Every structure is written in structure tokens, then in C-alpha cells.
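Visitor: This is the structure I have questions about; it appears just below.
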Ligand SMILES: Cc1cc2nc3c(=O)[nH]c(=O)nc-3n(C[C@H](O)[C@H](O)[C@H](O)COP(=O)(O)OP(=O)(O)OC[C@H]3O[C@@H](n4cnc5c(N)ncnc54)[C@H](O)[C@@H]3O)c2cc1C
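Chains as they are written, first to last, in our numbering: chain A, 492 to 877; chain B, 73 to 330.
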């Protein structure tokens with residue numbers, strides 16, 4: 492076993508770190524305050540290949556390995572979780588899912604444009620009445636000649652408002668068992684217009700675009716169906732598998748950001764005539780944060796190593812996502828504690844880290860669901876629907 | 073047009089430098105290394121010429137210890153065509169570096185050599201002019217722009233309050249000044265392409281350069297003295313006018329800034 496990165500991975504990490512420090516981090520507070528989508532940052536990231544990740548070069552991606560993918564995602568997440576969320580959705584939920592389930596024509600039509608950032612994609616699974624219980628979704632697609640007519644509503648969709656492409660899930664067979672009657676579709680906004688009322692007032696991730704999606708008799712040709720009829724739920728679960736990996740890597744970035752900010756503050760701020768880092772109870776928090784961060788990172792890398800081999804990684808990814816999401820929150824909490832009153836104000840970034848970290852424990856499967864996935868893997872008993 | 077950028081790997085400018093216990097070197101453990109900033113501007117200047125005229129080739133070369141290979145890879149990832157690694161000890165003397173580069177330039181025969189105006193670690197600014205002298209080439213310092221012109225190369229250099237335009241009729245060497253064209257980021261496609269490129273290695277001896285030639289020895293290194301604490305004049309020390317007068321006196325007599 493070897494924990495060393497290859498020279499290319501080191502280079503990719505340095506590129507991502509430089510970019511994150513110079514281009515992403517400096518405006519994060521203002522974007523958060525103004526709830527403004529980071530369009531200008533995505534425009535700079537695209538030519539560097541950041542939106543193409545592990546998608547093969549033949550489809551306009553970079554063909555990088557999953558550890559490199561995690562390194563980039565971590566660095567972006569260290570600077571700004573809102574930007575990182577856009578990246579996670581674009582690459583992991585949309586691109587990699589089209590890559591896995593799309594026809595050659597669908598891949599050629601969408602992947603190069605997604606990788607170049609000309610098209611922003613969103614992933615619409617969650618609905619007002621179904622989140623964790625995704626298979627209970629109520630959006631319908633009814634066959635009409637060669638087309639499908641889609642009606643329904645999606646909730647909490649990242650990138651929804653800025654998307655030109657939506658990968659969505661609808662019930663195509665009301666009589667089939669819950670998980671078997673769902674089909675995935677690609678909607679090109681230009682030809683299959685859908686509404687996207689914005690969702691404001693979020694606790695964190697405030698500069699990430701979040702919206703509802705509204706489908707009112709949206710007519711979609713059958714050629715825009717992704718995968719087989721009735722395969723939708725399985726496609727959604729596969730997508731979340733890659734999405735969770737990205738969320739986990741982003742959460743490691745948040746934990747690292749909390750640690751960096753705390754070390755810097757604790758070695759400068761003085762009380763009782765010495766830097767607060769010299770007080771053992773403060774140093775304990777710094778040590779705990781270091782352990783949390785490194786443990787989370789190693790779990791992500793392990794899941795990445797499994798993915799690099801092309802093996803099933805549901806269990807490893809859930810372990811990494813669960814741990815990293817919770818670790819980032821604990822680190823953010825300790826970071827505020829170390830900053831004292833200043834940590835409670837947006838003069839320092841740690842309060843944003845804390846607010847942003849919160850969503851990692853919710854989206855792409857809540858912490859509870861990750862536990863049930865891990866539990867299912869070790870007992871063979873599925874307790875999710877139980 | 074054939075361009076060559078000799079570059080140096082130095083501690084990244086974000087690093088906090090500590091003097092080692094021997095008192096004459098720096099602690100290298102845990103240091104991130106980068107291309108020296110002015111060299112990076114030189115790479116950017118060369119690559120801009122390549123953007124304008126794709127038939128341009130941009131080569132990079134470094135003389136240094138094994139770790140310096142990463143600097144070449146970084147330059148290739150920015151878009152340079154090829155890199156050559158000349159192996160040397162940790163602290164090759166500047167004249168040895170210039171001599172080795174001269175041999176390499178003779179082999180490579182570039183139209184223009186672009187060096188950074190100085191390396192950010194020792195700030196000597198020696199290698200560029202020394203290389204030009206050994207080659208017997210014209211040398212223009214603190215250059216911000218160049219362009220191929222009729223039968224030669226036009227070279228812009230900064231002077232107080234403006235710039236001069238020089239013209240070189242044959243091969244020349246410039247040392248590059250910081251300009252508003254920030255060095256580009258490497259890109260993922262660049263990194264993936266660089267990965268596939270060979271980095272030929274040359275030993276100093278194979279270039280016929282004696283590594284032992286005039287050696288510089290650093291006798292002592294010291295960090296700048298600790299800055300003393302600030303002085304605060306309190307309102308209680310007098311009324312506004314007398315506090316201001318005292319401030320002026322201190323700025324003039326003690327701080328000597330007025
Ligand atoms: C900022 C943001 C962005 C998002 N982006 C997207 C997106 O791009 N695309 C998308 O499709 N969705 C997105 N989501 C939705 C997100 O995935 C869901 O919110 C999440 O899956 C939880 O669903 P829910 O909100 O309906 O909660 P519920 O499913 O109602 O769950 C509520 C609580 O009950 C618990 N619970 C539910 N069922 C069980 C069970 N069987 N066992 C134990 N505990 C259980 C949950 O863990 C949770 O604590 C986003 C959400 C947010 C907040």
C-alpha cells in the first residue's frame with residue numbers, strides 16, 4: 492500500500508489549490524451575502540478542464556482518475572462549497588450518469604458541451620413530497636405517440652435555475668412496483684421548456700443556485716429517454732453513488748479549511764499572555780480537527796481507489812460520505828469555538844463553513860440513509876424501507 | 073520562431089522561510105517548490121508568442137537537483153513544447169549554471185532566450201546577463217514585451233515613466249520583468265499531455281562543464297530583526313495639537329520617515 496500521490500496528481504492538486512486560493516476563495520463571502528451564483532468562476536474553470544473530470548477525452552472530458560477528481564473537488568470545496576456543489580452536480584450527477592447510461596448519440600450530443608461548461612446540467616430527483624423515499628416520486632411521463640408528456644414538480648434542485656439540461660426522473664408505469672415504474676429523461680431547456688422558480692433563504696450554500704422544477708405538459712421525444720424504460724430508479728441510485736463521492740471530497744475540503752483557519756487564528760490570538768493555541772483545551776480541538784480531516788480524506792481516497800479499479804463502491808462511498816459530512820460539521824463547530832465571538836461573524840469565514848457544511852449531511856442521501864446503506868452491506872438486511 | 077526559457081525552481085512565495093540550524097542554509101523540509109515568479113512571466117511571454125503564431129516552439133530547461141524536474145513539468149503543463157533537465161547539486165554556483173545553459177543554447181540554437189530578471193530565492197539576477205556574456209549575445213534587461221519584426225525581434229523594456237523599444241537583428245537574450253499578463257494556469261489537458269512527454273536528462277559533465285568551478289559559499293544567513301512593537305500616543309498625553317506635534321517629531325527624528 493502506498494499513500495503517495497503521483498507527480499500528475501500532485502500537479503493537479505497544486506493547480507486546483509492555486510485556482511481555489513486566487514479565484515474562488517476571495518469572493519466567497521460576497522457571493523454568500525448576495526446569494527449570487529458563481530457564473531464567472533465557472534467560466535474560468537471550464538477552459539482549465541475542471542468541468543470535465545473523469546469523463547474520457549473522447550467525450551470532451553479529461554479522463555483523470557478518481558483520486559485526482561477528489562483532489563480537485565476537495566480544493567474547490569475548501570474555498571467555497573457553493574461552487575463545489577455546482578461541480579458535483581455537473582460532473583458526478585449529470586456527466587457521469589450520461590456517460591454510463593446514455594446512447595452514443597446522447598453522449599456525443601451532451602458530454603462535450605457539459606465538459607466545456609457551455610451547458611449547465613441539473614439533476615431532478617427530489618420532489619415536494621418525496622426525498623429520502625425517492626421511489627415515491629409523483630412526476631408522471633405519459634406516452635403520446637413517439638413522445639412523452641411530463642407533468643409534475645421537483646424540489647431543492649441544485650443548478651435548476653441556471654440549467655440548460657435537466658436529468659429528471661418520472662413515473663412511466665403506475666402499476667409496476669414503486670422502484671420499477673420510474674424512467675429517466677433528459678430535458679433540453681431550449682426544446683423542452685421547464686419552469687424553475689428559485690428557492691431563497693437557505694441556511695447555507697447561499698450562492699449555489701437552488702430551485703424547483705415545474706413541468707406542465709412538457710413534450711419530450713423518446714430519443715431523450717436515458718436508459719431503459721423502468722430503469723430510472725437504478726440510474727438514480729448509480730448517479731448518487733458518484734455524487735456522494737464528490738460530496739465527501741468537498742466535505743474534506745471544508746474540514747481542511749476549518750483547520751487552516753483555526754491554526755492561523757489560534758497561533759495569533761492572545762489570551763493570558765500567550766497564543767490561545769498554547770492552551771491545552773484549544774490545542775486539543777486543533778488535534779481533533781486534524782484527525783477528523785485526515786481520517787475523512789483517507790476514506791475518500793479509499794473509495795476512489797475502488798472506483799479506479801472499476802469495482803462496485805457503494806459501501807466505501809457511503810462510509811466516506813457519512814464520515815466526511817459529519818467530520819466537516821464537527822470541524823466547523825470547533826473552528827467557531829476557537830474563533831470565539833469573531834467566529835460568529837462573517838468577518839471570518841468559519842461561520843460560512845459551518846452553515847455550508849450542514850447540507851452535506853442532508854443531500855445525496857441523509858446521514859441516516861448512509862448508515863442504512865452501510866448497515867445493509869454488513870447484514871444483508873435492507874432497513875431503509877423497513 | 074524558437075524560444076527557450078531557462079527556469080529555476082525556488083521555494084514557493086507563500087512559504088515561510090526558516091534558517092536551518094547550520095546557520096547558512098534554509099530548512100527545506102515541508103517546502104513547496106515552484107517556478108521562480110519572473111521565470112513564470114518569461115514562460116507566459118513565450119507562450120503568448122506561441123498563441124499568436126502556432127509555429128513557435130517554446131522549450132524550457134533547468135539546471136538543478138532532482139526535485140527541479142517538477143518545475144519543468146509545470147511549465148510543460150502550461151503549454152511549453154519540451155523540457156530538458158540538467159542535473160546538478162543542490163546549490164550549483166550561478167556561473168556553473170550559466171556555463172551549462174550556454175552549452176545547451178549552443179546545441180538548441182534558439183532565436184530568443186527569455187530568462188526571468190532574477191530568481192526569487194537569491195535575488196542575484198546573475199544568470200541571464202552571464203549567459204548572454206558567455207554566448208556573446210546581446211542582452212536586454214527588464215523586458216515586458218517582444219514581437220518578431222522585419223529581420224529581427226523588437227523588444228520593449230521598461231524605463232522610468234515609459235518604455236524603450238530595442239531591435240535585435242540576430243539571436244538575443246532578454247530578462248523578463250513582471251507585466252500585466254499574469255502567467256496562465258496549467259490546465260488539466262496540459263497536465264495530461266505533459267505526463268506523456270519525455271524529459272531528457274543531461275549531466276553537467278556531458279556538457280563539458282566543471283561543477284566545481286568558482287564556488288560561492290554562503291557563510292551566514294540571518295532573518296531580519298524582529299520588529300519592535302508599535303507606539304501609541306494617547307489623548308491623555310496632551311491636547312490634539314500637542315499629540316500631533318509629538319507624532320511629527322517622532323516620525324522625523326525617530327522613524328526618520330519625514
Ligand atoms: C441545498 C440543497 C440542494 C439539493 N440539491 C438537490 C438536487 O440537486 N437534486 C435532487 O434531486 N435533490 C436535491 N436536494 C434534496 C435532498 O437530496 C433531500 O433534501 C434529501 O434527500 C432529504 O429528503 P427530504 O428533504 O425530503 O427529507 P425526508 O426524506 O423527508 O427526511 C426527513 C428526515 O427523516 C429521515 N428519514 C427519512 N426516511 C428515513 C428512513 N427510512 N430511515 C431513517 N431515517 C429516515 C431523514 O434522514 C431526515 O432526517 C437538495 C437539498 C438541499 C437542501
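Beta carbons: idealized from backbone N, C-alpha and C, even for Gly.
Note that the structure is a prediction, hence the values are computed from the model and not measured.
Any beta-carbon of chain D closer than 8 Å to the one on residue 509 of chain A?
Guide: Judged by its chain identifiers, the structure shown contains no chain D, and its protein chains are A and B.
Visitor: Should residue 757 of chain A and residue 819 of chain A be called a contact, given that it needs their Cβ atoms to be closer than 8 Å?
Guide: Mapped onto the first chain, residue 757 of chain A falls at position 266. Mapped onto the first chain, residue 819 of chain A falls at position 328. The answer is no: Cβ separation not under 8 Å.
Visitor: Relative to the alpha-carbon of residue 665 of chain A, which residue among A:690, A:626, A:637 has its alpha-carbon at the smallest distance?
Guide: Reading the first chain from its first residue, position 174 is the one you call residue 665 of chain A. Checking every option, the nearest Cα to that of residue 665 of chain A belongs to A:626.
Visitor: How is residue 851 of chain A classed by DSSP in three states: helix, strand or coil?
Guide: Residue mapping note: residue 851 of chain A aligns to position 360 of the first chain, counting from 1. Three-state result, residue 851 of chain A: helix.
Visitor: Closer than 9 Å by beta-carbon distance: list the chain A residues that pair up with residue 113 of chain B, in chain order.
Guide: Taking the first residue of the second chain as position 1, residue 113 of chain B is located at position 41. Residues of chain A passing the Cβ test: none, with the nearest at roughly 15 Å.
Visitor: Considering only DSSP beta bridges, list what residue 556 of chain A is partnered with.
Guide: As a position in the first chain, residue 556 of chain A is number 65, starting the count at 1. According to DSSP, residue 556 of chain A bridges with nothing at all.
Visitor: Report the rounded CA-to-CA distance for residue 159 of chain B versus residue 237 of chain B, giving the unit in angstroms.
Guide: Sequence index remark: in the second chain, residue 159 of chain B carries index 87 (1-based). Sequence index remark: in the second chain, residue 237 of chain B carries index 165 (1-based). Approximately 37 Å between the Cα atoms of the pair.
Visitor: How big is the Cα-Cα spacing for residue 296 of chain B and residue 97 of chain B?
Guide: In the second chain, counting from the first residue as 1, residue 296 of chain B sits at position 224. In the second chain, counting from the first residue as 1, residue 97 of chain B sits at position 25. Cα-Cα distance, rounded: 15 Å.
Visitor: In chain order, what residues of the segment 534-550 of chain A put their CB closer than 9 Å to some CB of chain B?
Guide: Per Cβ criterion, the list reads 535, 538, 539, 540, 541, 543, 544, 548.
Visitor: Is residue 253 of chain B near residue 116 of chain B, with beta carbons less than 8 Å apart?
Guide: The residue you call residue 253 of chain B lines up with position 181 of the second chain. The residue you call residue 116 of chain B lines up with position 44 of the second chain. Yes, the Cβ-Cβ distance between residue 253 of chain B and residue 116 of chain B is below 8 Å.
Visitor: Any heavy atom of ligand 1 closer than 7 Å to the Cβ of residue 135 of chain B?
Guide: Indexing the second chain from 1 puts residue 135 of chain B at position 63. No; taking the cut-off as 7 Å, the Cβ of residue 135 of chain B has no heavy atom of ligand 1 nearer than that.
Visitor: Are residue 79 of chain B and residue 184 of chain B close, meaning C-beta to C-beta below 8 Å?
Guide: Here the question's residue 79 of chain B lines up with position 7 in the second chain. Here the question's residue 184 of chain B lines up with position 112 in the second chain. Contact flag unset, no.
Visitor: Could you give the residue range of the beta strand (DSSP E) that holds residue 211 of chain B?
Guide: Along the second chain, one-based indexing puts residue 211 of chain B at 139. Run containing residue 211 of chain B: 211-221, per the beta strand (DSSP E) assignment.
Visitor: Can you grab the Cα-Cα spacing for the pair residue 294 of chain B / residue 83 of chain B, in whole Å?
Guide: As a working mapping, residue 294 of chain B is identified with position 222 in the second chain. As a working mapping, residue 83 of chain B is identified with position 11 in the second chain. Between residue 294 of chain B and residue 83 of chain B, the C-alpha separation is close to 17 Å.
Visitor: Rounded to the nearest angstrom, how far is the Cβ of residue 557 of chain A from that of residue 851 of chain A, given a contact under 8 Å?
Guide: Start at 1 with the first residue of the first chain, and residue 557 of chain A comes out as number 66. Start at 1 with the first residue of the first chain, and residue 851 of chain A comes out as number 360. The Cβ separation is near 19 Å, so there is no contact.
Visitor: For the segment 268-293 of chain B, which segments carrying the alpha helix (DSSP H) assignment without a break, of at least 4 residues, lie completely within its bounds, in sequence order?
Guide: As far as the segment 268-293 of chain B is concerned, it has no whole alpha helix (DSSP H) run of at least 4 residues.
Visitor: Can you tell which of A:714, A:654, A:638, A:855 has its C-alpha closest to the C-alpha of residue 609 of chain A?
Guide: Start at 1 with the first residue of the first chain, and residue 609 of chain A comes out as number 118. The candidate whose alpha carbon is nearest that of residue 609 of chain A is A:654.
Visitor: Of the residues A:801, A:713, A:855, which one's Cα is nearest the Cα of residue 737 of chain A?
Guide: Here residue 737 of chain A corresponds to residue number 246 of the first chain, with the count starting at 1. Checking every option, the nearest Cα to that of residue 737 of chain A belongs to A:855.
Visitor: Interface residues of chain A around residue 142 of chain B at Cβ under 8 Å?
Guide: Locating residue 142 of chain B in the second chain gives position 70, where the first residue counts as 1. Those are 498, 501, 502, listed as they occur along chain A.
Visitor: May I have the straight-line CA-CA distance separating residue 663 of chain A from residue 589 of chain A, to the nearest angstrom?
Guide: Here the question's residue 663 of chain A lines up with position 172 in the first chain. Here the question's residue 589 of chain A lines up with position 98 in the first chain. Each residue's Cα considered, the two are about 20 Å apart.
Visitor: Can you list, in chain order, the residues of its chain with a C-beta nearer than 6 Å to that of residue 713 of chain A? Leave out the 5 residues immediately preceding and following it.
Guide: As a first step, residue 713 of chain A is located in the first chain; it is residue number 222 there, counting from the start. Closer than 6 Å at Cβ, skipping near neighbours: 637.
Visitor: Is the CB of residue 744 of chain A under 8 Å away from at least one CB in chain B?
Guide: Counting from one through the first chain, the residue named residue 744 of chain A turns up at place 253. Residue 744 of chain A does not count as touching chain B.
Visitor: Pull up the DSSP beta-bridge partners for residue 105 of chain B, would you.
Guide: Your numbering for residue 105 of chain B matches position 33 in the second chain. Answer by DSSP bridge pairing, in chain order: B:83.
Visitor: Under 7 Å: does the beta carbon of residue 637 of chain A sit that close to some heavy atom of ligand 1?
Guide: Your numbering for residue 637 of chain A matches position 146 in the first chain. Every heavy atom of ligand 1 is 7 Å or more from the Cβ of residue 637 of chain A, so no.
Visitor: I'd like to know whether the C-beta of residue 555 of chain A is nearer than 8 Å to at least one C-beta of chain B.
Guide: Position 64 of the first chain, counted from the first residue, corresponds to residue 555 of chain A. Yes, contact with chain B.
Visitor: Which residues of chain B have a Cβ atom closer than 8 Å to the Cβ of residue 506 of chain A, listed in chain order?
Guide: Here residue 506 of chain A refers to the residue found at position 15 when the first chain is read from its first residue. Going along chain B in sequence order, the residues near residue 506 of chain A (Cβ under 8 Å) are 149, 257, 258, 259, 260, 263.
Visitor: Helix or strand or just coil, what does DSSP make of residue 476 of chain A?
Guide: In this structure chain A extends from 492 to 877, so residue 476 of chain A is not present and cannot be described.
Visitor: Spatial neighbours of residue 573 of chain A within its chain, please: CB distance less than 6 Å, with the 5 preceding and 5 following residues excluded, ordered by chain position.
Guide: As a working mapping, residue 573 of chain A is identified with position 82 in the first chain. Within the same chain, residue 573 of chain A has close Cβ partners 696, 698, 699.
Visitor: Cβ-heavy atom distance between residue 835 of chain A and ligand 1 below 7 Å?
Guide: Locating residue 835 of chain A in the first chain gives position 344, where the first residue counts as 1. No, the beta carbon of residue 835 of chain A sits no closer than 7 Å to any heavy atom of ligand 1.
Visitor: Distance cutoff 8 Å, beta carbons only. Does residue 146 of chain B sit that close to anything in chain A?
Guide: Counting from one through the second chain, the residue named residue 146 of chain B turns up at place 74. True, the Cβ-Cβ gap to chain A drops below 8 Å.
Visitor: Of all the alpha helix (DSSP H) runs that stay within the bounds of the segment 693-776 of chain A, which reach a length of 4 or more residues?
Guide: Within the segment 693-776 of chain A, the complete alpha helix (DSSP H) runs of at least 4 residues are 723-757.
Visitor: Taking just the CA atoms, how far does residue 874 of chain A sit from residue 773 of chain A?
Guide: In the first chain, counting from the first residue as 1, residue 773 of chain A sits at position 282. In the first chain, counting from the first residue as 1, residue 874 of chain A sits at position 383. Going by the C-alpha atoms only, they are around 40 Å apart.
Visitor: If the criterion is Cβ atoms closer than 8 Å, does the pair residue 259 of chain B and residue 538 of chain A meet it?
Guide: Here residue 259 of chain B is taken as the residue at index 187 of the second chain, counted from 1. Here residue 538 of chain A is taken as the residue at index 47 of the first chain, counted from 1. Yes. Within cutoff.
Visitor: With a threshold of 8 Å between beta carbons, is residue 267 of chain B in contact with chain A?
Guide: Translated into the one-based positions of the second chain, residue 267 of chain B becomes position 195. Closer than 8 Å: yes.
Visitor: How far does the alpha helix (DSSP H) with residue 536 of chain A in it extend, from its first residue to its last?
Guide: Locating residue 536 of chain A in the first chain gives position 45, counting from the first residue. Where residue 536 of chain A is concerned, the enclosing alpha helix (DSSP H) stretches over 530-536.
Visitor: Identify which residue in B:315, B:311, B:298 has its Cα closest to the Cα of residue 305 of chain B.
Guide: Taking the second chain and counting its residues from 1, one reaches residue 305 of chain B at position 233. The shortest C-alpha separation from residue 305 of chain B is found at B:315.
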